Amino acid sequence: MYGKSQVKSRQATSGDIRGATFVYFRRLLTYVWPHKRYLVPAVICIFIMAGAYSVGITSVMPILKIMIEDEGLHGWVDRVLTEGRLDCQLNVYSAMHRQVEGIEKGTARIVDLDEDSPLYKAGMRVDDFILGVNKVEGDASLVFSELTGPAESLTIKYFDVHKGLDITVPVTPRPLGWEYKPLQAIRNLVYLLPRGARMQSLVTVLIVMMIIVVVGKIARVLANYLMVLVNTRAIIDIRRQMYSHVLNLPLARFSESTSDTMSMFVQDMGDIFRGLNNFFQKMVTEPVKAVGVFFVALWLNWQLTLLVMLAAPLAAVLFRKLGKKIRRANRKLLINYGKMLGRLESTLTGMRVVKAYTREHYERRKLFGIDRVVLKQQLRMGFIEALTSPLVEVSAFVGGSLIIIYFAKQLFDGHIDTPAFITMLICLAAIFDPIRKLSAVYPKLQRANAAAQRVFELIDSPSEYEEDAGKNRISGFKQGIEFDNVTFTYPNSARPAVRNVSLTVNKGEIVAIVGPNGSGKTTLLSLLPRFFSMDNGRILIDGQDVSQITLRSLREMFSLITQESVIFPDTVYANIAYGRPEAPDEQVIDAARKAFVDEFIQQMPKKYDTPVGEHGATLSGGQRQRLAIARAILRDAPILIFDEATSQVDPESELKIHQALDTILKDRTSFIIAHRFSTISGADRIVVMDEGEVVAIGTHDKLIESCPLYRRLYETQFRNAG
């Protein structure tokens, strides 16, 4: 068996490992999929946007060809197809080029040639010039157009620069592969434009690109909107599951503080929402945008493109190293946010006391102390986030500089033309741009991962209803209640709050429990409806162990009035009917009258539909307690628990309540905790507790004679208060 500390340590270690591998963030995505009716259109829009982006990058090549190169758009398309058919690399020489280099003939120069090329087999070599094809001679665009024709055999006239002769040879070109099919389709579209009309071609290309850009931007707007819709719905689903599970957690889970749980609903869920948004708007979109550009770069120079892509794993390693630090820092930050929220809540709710005791400066220093811890975690996380992008960008700049040097050499040696050079650089920049953006997104995902870890640890924590499987429901209450050697210790407490308590209460009996503060009165009664699990002993109702009874059926047997009246931010009617929302209006009003609540409700602007504010802020202390009593009266459960039920009620209202209690307590088993003698005077027995133990049981007269503690309580509290 593992000890508690060992189990916690093991769970923490496991959580750290899983958190580092995004297992919690992947679990978040399972909440996104149920909204696929919005997710699928969003993904489609992302692909449309990415396609438009890729086409936009690729359009640089034809635009530059129209504006810079003599071969023009038609000649460029035909030249690329020609290079595919003849397995070579050609360069176009304008009249100016020939004049500068002293070349009299030729416009299409062979700059690269493989030994298995049809041209090499026909006797041509590097630096030779193609003069004509099938008796068609002229500028390069005409020659390339003929070379890409349907003819299966060609007669090529070329100028052998080594021999200084014009030579005509037959050449059998290769069939074009599947990778050239898209370019052949583009060629058909290009040939819709008149050859030589550069301005018209440029305007047409720009108009087409404008349409594609507009479509891409519309797709982007729709994708972003739909992803926000999906993520918002996913967050609502997670929050609903959290809230449902929190309501089913054992009360011990909230015995120390609720602020950390509240922080999960606010701060943690905010980090999760931002993480999901960044995931779909960046982690999904940016790589998809880069895919199309990646294939264009492969087509231009596949060897260099693959070499450049080796940098991606290096970036992933860098992201992972920094991401672990961000996740750990954010987890600590979220915990401290919970502490800050708890301190702020306690100060604001106790503002009257703070001001009365002039402790504003003290509270300010306490909150500032928490703020400094939060600031330290935020600075640590901010530094790591700030460091990520520069590291990636510096690495990209070094790599990009080497690439520019490589392509510049290719350009100077004539192995690549200016438009291809510029397009390749733009493509590589477009590939690295997503990596740069992801370097800023990755920390946000790690923050969401840390928040998700905390949220799912809460969701996965055991519910108090999980142990009810196979247990029996209790129906009715016929005999009595027995406490059998009951012991209970609060978590992190050094001594038991209740120790070795044995007590038998018959049906219909009214038992008052008294004792000094901290004696265990409230804790003992909290064990009855199983708000806490006992360390030792048993509690029996009609001979049935409450630990073997389903929680819901057990708690249906109790009406509860707590020491501090709990009033919900709802209407008066909803607060009274809280325990029996299906009760008819007549019964709700009747309960209000018995608790003397109706008399002040009738003075409210909307009567029973009047909102009472947060924590019942619009009601006095006595009104809040009478409202809680009305709630218990309407519940009409066989067992009644009063915990300081009349401590905040004025004498006149208390008298009225006691008149109603005479009827309510008749034939009902009741436990009463009170510091007023008038409240406990009608009890059948009085139980005296001290330091978690029962020290005496009896009637008032008997205890006055035999119990010094009760006599002291009576002299100091009950007699004066009663």
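Residue numbering for the sequence shown follows numbering that gives the first Met the number 0, starting at 0 and increasing by one per position. Quick reminder that beta carbons are idealized off the backbone N, C-alpha and C, glycines included. Bear in mind that the values here come from a model prediction, so they are computed numbers and not experimental data.
Just to confirm my understanding: we take residue i, look at its own chain, exclude 5 residues before and 5 after, and list those with CB closer than 7 Å. What are they?
i, result
"HIS657", "SER677"
"ASP15", "With a pLDDT of only 45 at ASP15, under 50, the local geometry of the prediction cannot be trusted, and the value read off the model is given with reservation. Correct list: empty, nothing qualifies."
"PRO528", "LEU553, ARG554 and PHE557"
"PHE272", "ASN230 and ILE234"
"TYR119", "LEU112 and ASP113"
"LEU228", "TYR37"
"ARG108", "LEU89, ASN90, TYR92, ASP126 and PHE128"
Within a Cβ cutoff of 6 Å, which residues of the same chain sit near residue i, ignoring the five residues on either side of it in sequence?
i, result
"ILE211", "ALA51 and VAL54"
"ASP459", "none"
"CYS706", "VAL687 and ALA695"
"GLY2", "With a pLDDT of 36 at GLY2, under the threshold of 50, the predicted position of this residue should be treated as unreliable, and no value is reported."
"GLY691", "PRO495, ALA496, VAL497, ARG498 and GLY519"
"HIS727", "Outside the displayed span of the chain (0 to 721) sits residue 727, for which this structure offers no information."
"ILE237", "TYR30"
"LEU27", "ALA451"
"PRO610", "THR570"
Work out the CA separation of residue j and residue i for me, nearest whole Å.
i, j, result
"CYS87", "PRO172", "11 Å"
"GLY269", "ALA447", "9 Å"
"VAL497", "GLY697", "20 Å"
"HIS96", "LYS288", "Because the pLDDT of HIS96 is 48, which lies under 50, any placement of that residue in the model is unreliable, and the question is left without a value."
"GLU704", "THR715", "16 Å"
"TYR607", "PHE567", "14 Å"
"LYS134", "ALA150", "13 Å"
"GLN586", "GLU465", "34 Å"
"VAL213", "ALA49", "13 Å"
"GLY137", "PHE143", "10 Å"
"MET198", "VAL204", "10 Å"
"GLY517", "GLN266", "35 Å"
"TRP32", "ARG232", "11 Å"
"THR549", "ARG625", "30 Å"
"TYR242", "ARG36", "25 Å"
"LEU378", "ARG239", "32 Å"
"LYS162", "ILE206", "49 Å"
"HIS699", "ARG710", "9 Å"
"ASP683", "ASP661", "13 Å"
"VAL99", "VAL91", "With a pLDDT of 42 at VAL99, under the threshold of 50, the predicted position of this residue should be treated as unreliable, though the coordinate-derived value follows. One C-alpha to the other measures close to 14 Å."
"LEU708", "LYS665", "29 Å"
"ASN223", "GLN280", "7 Å"
"VAL170", "MET208", "38 Å"
"LEU153", "LEU192", "26 Å"
"MET282", "VAL440", "7 Å"
"ALA573", "ALA591", "12 Å"
"TYR713", "GLY621", "24 Å"
"LEU366", "SER262", "16 Å"
"PRO174", "GLU82", "11 Å"
Just checking my contact of residue i with residue j at CB under 8 Å: how many whole Å lie between their CB atoms?
i, j, result
"ILE538", "VAL571", "Their Cβ separation, rounded to whole angstroms, is 35 Å, which puts ILE538 and VAL571 out of contact at 8 Å."
"ILE480", "THR668", "7 Å"
"ASP534", "PHE487", "6 Å"
"ARG78", "LEU85", "Not quite, the Cβ-Cβ distance comes to about 10 Å (not below 8 Å), so this is no contact."
"ILE679", "LEU702", "11 Å between Cβ atoms; not a contact."
"GLN183", "LEU80", "7 Å"
For residue i, which residues of its own chain have a beta-carbon under 8 Å away from its beta-carbon, when the five flanking residues on both sides are left out?
i, result
"ILE663", "LYS593, ILE632 and LEU639"
"PHE476", "LYS506, ILE540, ASP541, MET556, PRO637, ILE638 and THR668"
"ALA94", "Low per-residue confidence applies at ALA94: pLDDT is 47, beneath 50, and the placement is therefore not dependable enough to give any value."
"VAL485", "VAL497, ASN499, VAL500, SER501, LEU523, LEU526, MET533, ASN535, GLY536, ARG537 and ILE538"
"GLY101", "Any reading at GLY101 needs caution, since the residue's pLDDT is 44, under 50, leaving its predicted position unreliable; the model's value is listed next. Counting only Cβ-Cβ distances below 8 Å, and skipping sequence neighbours, we find nothing."
Hey, would you say residue i sits closer than 7 Å to residue j, going by beta carbons?
i, j, result
"LEU457", "PHE482", "no"
"ALA328", "PHE24", "no"
"LEU250", "ALA41", "no"
"VAL160", "ASP115", "no"
"ARG623", "GLY578", "no"
"ILE628", "ILE560", "yes"
"ASP642", "GLN562", "yes"
"ILE404", "ILE56", "no"
"GLY176", "LEU444", "no"
"LYS470", "GLN543", "no"
Across which residues does DSSP place residue i in a beta bridge pair?
i, result
"GLY479", "ASN505"
"LYS156", "GLY131 and THR167"
"MET688", "VAL693"
"PHE641", "ILE560 and ILE671"
"PHE487", "VAL497"
Measure from the C-beta of residue i to each C-beta in chain B and report whether the shortest distance is under 7 Å.
i, result
"GLY507", "In the structure shown, chain B cannot be found, because there is only a single protein chain."
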